[in-house]
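Colleague: Numbering (my numbering) for the sequence shown: 4 to 61. First the structure, which I've put down as structure tokens, then a few questions once you've had a look.
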Amino acid sequence: MKKSDIKPFKFMECAVIPIATGIKAQNLRELQTGLTQIPDSSIYFHFWGRMLRPHISE
């Protein structure tokens with residue numbers, strides 16, 4: 004098989020899978036501490052992940 008015969012791979016859809024971190028905050032101080040302990044991907048999920056999830060316009 005020639006390299007030119009290989010078709011490019013394409014992603015047709017994606018899935019966002021939330022995983023609980025177990026870190027909780029009851030006040031702003033705990034939130035500040037928690038933000039330093041969680042992965043950056045968790046912050047990304049909560050701010051931008053919503054755009055990837057299907058939603059119904061009303």
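Glycine included, every Cβ here is placed at the ideal spot set by N, Cα and C.
Taking Glu33 as part of the alpha helix (DSSP H), name the residues at either end of that continuous run.
Modeller: For the purposes of this step, residue 33 is identified with residue 30 of the sequence shown, where counting begins at 1. Counting along the chain, the alpha helix (DSSP H) containing Glu33 begins and ends at Leu31 to Gln40.
Colleague: Helix or strand or just coil, what does DSSP make of Lys10?
Modeller: The residue you call residue 10 lines up with position 7 of the sequence shown. Lys10: coil per DSSP, three-state reduction.
Colleague: Taking Ser45 as the reference, which of Asp8, Phe14 and Gly25 has the closest Cα?
Modeller: As a working note, residue 45 is residue 42 in the sequence shown. Selected option, being the one with the closest Cα: Gly25.
Colleague: Return helix, strand or coil for Gly52, following the three-state DSSP convention.
Modeller: Within the sequence shown, the letter at position 49 stands for residue 52. Correct three-state label for Gly52: helix.
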